[in-house]
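Those letters in the sequence shown? Residues 26 to 304, by the numbering used here.
Structure, as structure tokens:
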Amino acid sequence: MIPKKTEWWLLIKNVIYMIENKKDVEYSAIIVDEAQDFGMPEYRLLRSLVREKENDLFIVGDIRQKIYSNKANFSKCGVNIKGNRTRYLNINYRNTLEIGMLADKVIEGIEFDELDEFDFEDKKTNYVIKGLNPIIKSFKNRNSEAEFVIEEIKKIVSSGISFNEIAIVARTNSYLKMMTSLLKNAGISVLSLEDINSIDRNSVYVGTMHSIKGFEFKVVLLIGINDDMLPYKKHIESLKNDKEIDAFMQQEKSLLYVAITRARDLIYILSSNNRSELV
26 MIPKKTEWWL
36 LIKNVIYMIE
46 NKKDVEYSAI
56 IVDEAQDFGM
66 PEYRLLRSLV
76 REKENDLFIV
86 GDIRQKIYSN
96 KANFSKCGVN
106 IKGNRTRYLN
116 INYRNTLEIG
126 MLADKVIEGI
136 EFDELDEFDF
146 EDKKTNYVIK
156 GLNPIIKSFK
166 NRNSEAEFVI
176 EEIKKIVSSG
186 ISFNEIAIVA
196 RTNSYLKMMT
206 SLLKNAGISV
216 LSLEDINSID
226 RNSVYVGTMH
236 SIKGFEFKVV
246 LLIGINDDML
256 PYKKHIESLK
266 NDKEIDAFMQ
276 QEKSLLYVAI
286 TRARDLIYIL
296 SSNNRSELV
């Protein structure tokens, strides 16, 4: 069972108290990745694990990939990031120029909330690799979309790419269910992204847009990028006001940005109905 937000904070407060009163758990340094999705409790916990000194914390994050509503004020957590402590990383070594330009287009015009009231300038990203154009297609129904995915996977593998270098990603697990079944029926072995530690060169990986965060594949096929799936219509209908809707829309754009940039060489964006307005 996942604890509620208040329960989570109380849990972390108790952990911090135990750490501060037990001297033998202190670390020399801590490296933080995906820092944009950490909140105040997490940074206070990190601060309690290592004393403030030179080279105590190395924090890396990309505000454009912020897909959760957590907010953090570094200074209130005892973490100083201002002055010459901050560096910009502007060279993209993972994605091709074509994939990067598509991802940048998705989040174009968004004003991101910065961390610790620090003014991070959104500088242009430089790409060092050129490659294939993204493949964007719409189909009349899920079956047609699935048939295309199956045939494309066969073509991709015949070109020399292994099955395990391919990921199929959807907004929800329910959308993946039928696709997974049809893949198996076509003789294509499937593994969940949650089983990423399983080494099987003969299986493609499937998962949600949230679960692919932190990974990369040579080829990613985003399926079901429909107008009711992204932004997720069911969640929007539960929101109370325009402020909540705007915040959720920004998270959905960042989520699509994350999913697109998991592809190193080639990205597919497929829909089985009206394509999402975010593409």
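We treat Cβ as the ideally placed atom computed from N, Cα and C, and that holds for glycine.
Remember, predicted model here, so these are calculated numbers, not experimental data.
- From the listed residues 62, 89, 166, the smallest Cα separation to residue 200 is found for 166.
- In this structure, DSSP gives residue 54 a state outside helix and strand, which the three-state scheme calls coil.
- The beta carbon of residue 119 lies closer than 8 Å to those of 241, 286, 289 in the same chain, with the five residues before and after it left out.
- Judged by DSSP in its simplified three-state form, residue 125 adopts helix.
- Residue environment: residue 76 is assigned as exposed (fewer than 16 neighbouring CB atoms within 10 Å of its CB, all protein chains considered).
- When the beta-carbon positions are compared, residue 71 and residue 56 stay at least 8 Å from each other.
- Per DSSP, residue 257 is not a residue of any alpha helix (DSSP H), being assigned neither H nor E.
- Residue 245 and residue 192 do touch by the CB rule: their CB atoms are close to 5 Å apart, below 8 Å.
- Under the criterion of beta carbons closer than 8 Å, residue 194 and residue 284 qualify as touching, at roughly 6 Å.
- Counting only unbroken stretches of 4 or more residues, the alpha helix (DSSP H) elements lying wholly within the region 173-216 are 198-210, in sequence order.
- Of the other Cβ atoms in all chains shown, fewer than 16 fall within 10 Å of the Cβ of residue 226; this residue is therefore exposed.
- In the DSSP assignment, residue 74 falls outside any beta strand (DSSP E) and within the unbroken alpha helix (DSSP H) covering 65-74.
- Take the alpha-carbon of residue 114 and the one of residue 210: they are about 44 Å apart.
- With at least 16 other beta carbons inside 10 angstroms of its own, residue 297 counts as buried.
- Here DSSP, grouped into helix, strand and coil, assigns residue 273 to helix.
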